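Under numbering that gives the first Met the number 0, the first residue of the sequence shown is numbered 0, with each subsequent residue one higher.
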Amino acid sequence: MEFRAARIYGADGACSGAVVALRDITRRRAAELALQSSEETLLANAQALFEEKERAQVTLNSIGDAVISTDFRGRVSFLNIVAERMTGRTQAEAADSKSTRSSC
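Here it is, written out as structure tokens:
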């Protein structure tokens with residue numbers, strides 16, 4: 000419950016009573032708790048995704064083959080160390096360059 004109280008003063012300036020308003024905040028509190036839980040789940044999922052990405056990058060950098068990943072437009076999104084050596088470009092350089100593929 001949430002409440003507010005206010006004093007009531009008479010004509011002589013003396014306190015003659017009070018008004019108290021009560022409000023049921025059960026639904027609001029439930030929504031706040033659900034949002035908090037949702038945010039905690041989102042943070043946990045983001046952390047798990049970050050860890051999985053780190054593991055994938057370590058794995059891809061450990062193999063002896065060149066690995067290049069692109070998005071659906073053909074823009075480079077990842078080069079492993081071997082691919083960087085073979086192309087002479089870093090992952091950042093490749094990601095910043097424009098795709099030479101023509102769009103369909």
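Glycine included, each C-beta is placed from N, C-alpha and C at the ideal position.
From a predicted model like this one, the values you see are computed outputs, not experimental measurements.
#### Entry: Proximity to Val66 [Cα-Cα], best of Val81, Ala20 and Glu53
The sequence position of residue 66 within the sequence shown is 67, counting from 1. It is Val81.
### Task
Could you have a look at Ser102 and say whether DSSP puts it in helix, strand or coil?
Stepping through the sequence shown from its first residue, residue 102 is reached at position 103. In this prediction, Ser102 scores a pLDDT of 42, lower than 50, which makes its location untrustworthy; the coordinate-derived value is nonetheless stated afterwards. Three-state DSSP puts Ser102 in coil, outside helix and strand.
### Message
Comparing C-alpha positions only, which one of Asn79, Arg74 and Glu39 sits nearest to Arg54?
### Response
Taking the first residue of the sequence shown as 1, we reach residue 54 at position 55. The residue with the shortest Cα to Cα distance from Arg54 is Asn79.
### Message
Classify Ala93: buried if its beta carbon has 16 or more other beta carbons within 10 angstroms, exposed otherwise.
### Response
Locating residue 93 in the sequence shown gives position 94, where the first residue counts as 1. Per the 10 Å Cβ criterion, buried.
### Message
What ranges does the beta strand (DSSP E) occupy inside the stretch 19 to 82, keeping only unbroken runs of at least 3 residues that lie completely in it?
### Response
67 to 69 and 75 to 78
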